[in-house]
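Please read the structure below before turning to the comments.
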Amino acid sequence: MGITRILTAAQMRKADEITIASGLSAFDLMDRAGRIVANSALKCVPDYSRIVVIAGPGNNGGDGFAAACHLRKYRIPVTVVSLVPVDSLSGELKKHANLAVKAGVKVREATSLGAIGEVERWLSRSSIVIDAIFGTGLCRGLGGLMAEVVAKINACDRPVFSIDIASGICSDSGVILGVAVKADMTLPIAATKWGHWLAEGRDYTGRLLDVADIGISDDAIEASWRETCDCDDEQERCFCVNSASLINDEYLKAAWPPRPRLSHKGYFGHVWVFGGSVGFTGAPQLAGLGAYAAGAGLASIICPDEVWPIIASANLEVMTHPESSSAWQKADAIVAGPGWGLERGELLSRLLDTEKPLVVDADALNMVAANPALQSKLANRTALTVITPHPGEAARLLESDIGTVQDDRKQAVLDLVRRYRCWVVLKGSETLVASPDRDIYLNPFGSPQLAIAGSGDVLAGMIGAQLSRQKGDGATLGELISSTVALHAKAGAREGWYLPGELAKLVSEVRQNLERGDGKEK
Ligand SMILES: NC(=O)C1=CN([C@@H]2O[C@H](COP(=O)(O)OP(=O)(O)OC[C@H]3O[C@@H](n4cnc5c(N)ncnc54)[C@H](OP(=O)(O)O)[C@@H]3O)[C@@H](O)[C@H]2O)[C@H](O)CC1
Ligand SMILES: [K+]
1 MGITRILTAA QMRKADEITI ASGLSAFDLM DRAGRIVANS ALKCVPDYSR IVVIAGPGNN
61 GGDGFAAACH LRKYRIPVTV VSLVPVDSLS GELKKHANLA VKAGVKVREA TSLGAIGEVE
121 RWLSRSSIVI DAIFGTGLCR GLGGLMAEVV AKINACDRPV FSIDIASGIC SDSGVILGVA
181 VKADMTLPIA ATKWGHWLAE GRDYTGRLLD VADIGISDDA IEASWRETCD CDDEQERCFC
241 VNSASLINDE YLKAAWPPRP RLSHKGYFGH VWVFGGSVGF TGAPQLAGLG AYAAGAGLAS
301 IICPDEVWPI IASANLEVMT HPESSSAWQK ADAIVAGPGW GLERGELLSR LLDTEKPLVV
361 DADALNMVAA NPALQSKLAN RTALTVITPH PGEAARLLES DIGTVQDDRK QAVLDLVRRY
421 RCWVVLKGSE TLVASPDRDI YLNPFGSPQL AIAGSGDVLA GMIGAQLSRQ KGDGATLGEL
481 ISSTVALHAK AGAREGWYLP GELAKLVSEV RQNLERGDGK EK
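Under UniProt numbering, read the sequence shown as residues 1 to 522, first letter to last.
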């Protein structure tokens with residue numbers, strides 16, 4: 001399965017070091033990066049009558065010089081505007097700068113605010129701007145000359161191609177460090193970085209191109225995860241990221257293989273939704289429909305007696321029982337929480353005691369957040385458990401606030417894993433799924449249309465369906481859970497306006513296309 005890794009700056013540096021130690025030189029790595037930047041920029045922009053590279057003080061600038069050198073090989077007019085004196089460069093950077101000059105690249109310096117008019121003039125003469133100011137080494141807010149140059153790039157109305165990451169975006173968090181280049185396209189070098197996806201980073205990245213393979217192997221990347229773990233050995237357990245990858249179409253195909261011809265409903269699992277309360281009778285029904293949409297063979301609801309007649313008469317598809325029923329004991333998986341209210345702590349406690357696969361959602365999460373005994377049961381549960389908080393619920397579960405969760409979603413998902421030791425689906429734009437072993441999956445699909453009441457209920461039911469039919473399909477749990485998030489997002493990104501109940505229908509269509517093998521779902 002093709003995997004797109006997501007790395008922090010420290011992990012990228014470590015992978016780089018491991019690669020250099022194994023015999024590939026830093027000079028060659030930069031040269032390869034430069035060659036791929038040159039080819040890729042030419043492919044992306046039809047008018048390359050004058051390319052202007054704005055080069056910063058570090059290796060990102062070195063990639064810019066190397067790219068300029070390769071562009072000259074195609075006889076394309078290139079100017080590199082260096083924001084530091086070229087004489088001050090050293091090592092590989094210096095070598096690539098020298099080679100660029102030799103190849104006929106015009107190199108100009110703009111090293112003080114007084115040169116900003118010049119920078120503006122070069123930008124106005126360009127047909128494409130290559131942003132090589134900062135990459136993964138950016139470590140503090142931009143000010144002075146750098147900030148002014150970024151502002152001029154953003155104002156110049158030319159296509160902007162960023163090398164590795166848009167300069168000014170923090171590669172670990174995606175936040176803007178003062179000011180950032182608004183790229184039209186970004187070429188990630190060796191791996192994607194968190195900053196391409198999180199916070200403002202996604203908007204400033206523009207189109208994220210395929211990762212440039214500069215010879216850093218998967219083994220080096222995997223070793224970088226281990227070797228950048230800075231947990232104290234004394235700690236009971238490490239809580240650094242174990243691995244991080246983007247969810248892709250192959251996950252979905254693995255999760256929804258063609259159905260066997262001799263299928264029967266029992267093969268696809270029976271999901272039981274515990275939810276509903278006065279005023280919230282729709283939520284468990286949406287979860288039940290979500291379960292069917294994701295492929296469950298049977299879906300049932302257990303709801304408080306006072307709302308049972310309402311829920312039972314409101315839909316045909318999902319079987320509905322009052323709380324006094326014990327029929328749920330045959331459940332293949334349970335979803336607890338949609339529309340449940342905060343009065344069902346005792347029943348939730350009993351569900352946590354079962355060995356059933358369990359999705360803890362919505363009000364069930366709020367009850368956990370408010371009750372240390374439930375927290376301890378959740379953390380000590382041995383059966384398969386998935387919690388599905390939105391940022392507000394995550395903040396309550398972490399005794400934090402929404403701003404803190406959203407400012408560092410990767411850390412929030414790890415903190416939830418550390419505290420509750422189960423699978424976590426942290427919802428929101430770029431939903432993150434984390435395993436108890438700290439493997440993180442980022443969902444790149446979706447649409448702001450999914451931000452509507454009921455959409456989370458549908459997702460909870462869908463995850464219940466995946467937990468109920470774990471058997472036989474060969475997909476890993478990580479693939480099953482993260483592909484469910486992706487399926488929900490893809491369905492929600494389809495054209496047109498829809499209600500949450502209609503979302504379940506869209507999910508079902510996308511899922512059936514996958515099972516029929518009708519090609520890639522966008
Ligand atoms: N992936 C790989 O293995 C390879 C990546 N390459 C490219 O290299 C960059 C990372 O290079 P690095 O030198 O580590 O970092 P930068 O180019 O981003 O810049 C670091 C320099 O910038 C200075 N700095 C940092 N923040 C600021 C700021 N706000 N204002 C001014 N200057 C700043 C920093 O200075 P210090 O004072 O902190 O030392 C550094 O001088 C990666 O993104 C890829 O493009 C390789 O080419 C190939 C291998
Ligand atoms: K850059």
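Note that the Cβ used here is the ideal one computed from N, Cα and C, for glycine as well.
Once DSSP output is grouped into helix, strand and coil, what is the label at residue i?
i, result
"isoleucine 169", "strand"
"valine 45", "coil"
"arginine 261", "coil"
"tyrosine 441", "strand"
"aspartate 353", "helix"
"phenylalanine 274", "strand"
"tryptophan 423", "strand"
"leucine 348", "helix"
"threonine 19", "helix"
"serine 326", "coil"
"valine 81", "strand"
"valine 507", "helix"
"serine 455", "helix"
"leucine 432", "strand"
"valine 149", "helix"
"alanine 331", "coil"
"residue 529", "A query on residue 529 cannot be resolved here, the shown segment of the chain reaching from 1 to 522 and no further."
"asparagine 371", "coil"
"glutamate 393", "helix"
"glutamine 512", "helix"
"asparagine 248", "coil"
"leucine 450", "helix"
"leucine 113", "helix"
"lysine 522", "Confidence at lysine 522 is low in this model, with a pLDDT of 44, below 50, so the placement of that residue is unreliable and no value is reported for it."
"arginine 469", "coil"
"arginine 140", "coil"
"arginine 13", "helix"
"valine 37", "helix"
Kindly identify the DSSP beta-bridge partner or partners of residue i.
i, result
"histidine 321", "Ile302"
"serine 243", "Asp439"
"lysine 193", "Leu7"
"phenylalanine 280", "Ser277"
"alanine 336", "Phe274, Val360"
"threonine 186", "Ser162, Leu208"
"isoleucine 176", "Ile169"
Terminal residues of the continuous alpha helix (DSSP H) containing residue i?
i, result
"phenylalanine 65", "59-73"
"arginine 418", "409-420"
"isoleucine 481", "477-492"
"threonine 205", "201-205"
"glutamate 109", "Where glutamate 109 is concerned, there is no enclosing alpha helix (DSSP H), although the beta strand (DSSP E) it sits in stretches over 106-109."
"leucine 99", "91-103"
"tryptophan 497", "From DSSP, tryptophan 497 is part of no alpha helix (DSSP H); its letter is neither H nor E."
"valine 86", "Neither: valine 86 is in no alpha helix (DSSP H) and is coded neither H nor E."
"leucine 123", "116-125"
"glycine 381", "The displayed chain sequence assigns arginine, not glycine, to residue 381. Arginine 381 -> no alpha helix (DSSP H), and no H or E assigned at all."
"isoleucine 310", "308-314"
"tryptophan 256", "Tryptophan 256 -> no alpha helix (DSSP H), and no H or E assigned at all."
"arginine 226", "218-227"
For the beta strand (DSSP E) containing residue i, list its first residue and its last residue.
i, result
"arginine 5", "4-7"
"serine 162", "160-163"
"aspartate 131", "128-132"
"isoleucine 387", "385-387"
"isoleucine 54", "51-55"
Cβ of residue i versus every heavy atom of ligand 3: is any distance shorter than 7 Å?
i, result
"isoleucine 163", "As far as ligands go, the structure on display features ligand 1 and ligand 2 and does not contain ligand 3."
Could you tell me whether the region 337-348 touches the region 259-270, using the rule of 3 or more Cβ pairs below 8 Å?
no
Does the structure place the region 356-368 close enough to the region 289-301 that three or more beta carbon pairs sit under 8 Å?
no
Does the region 73-85 come into contact with the region 99-112, if we say contact requires no fewer than three beta-carbon pairs (one atom in each stretch) closer than 8 Å?
yes
Counting beta carbon pairs with one atom in the region 369-380 and one in the region 401-408, are three or more of them shorter than 8 Å?
no
How do the region 130-150 and the region 111-118 stand: do at least 3 beta-carbon pairs fall below 8 Å, yes or no?
yes
Check whether the region 189-209 and the region 156-174 are in contact - that is, three or more C-beta pairs closer than 8 Å.
yes
Do the region 278-288 and the region 478-492 make contact, defined as three or more Cβ pairs closer than 8 Å?
no
With three or more beta-carbon pairs closer than 8 Å as the criterion, would you say the region 43-54 touches the region 270-281?
no
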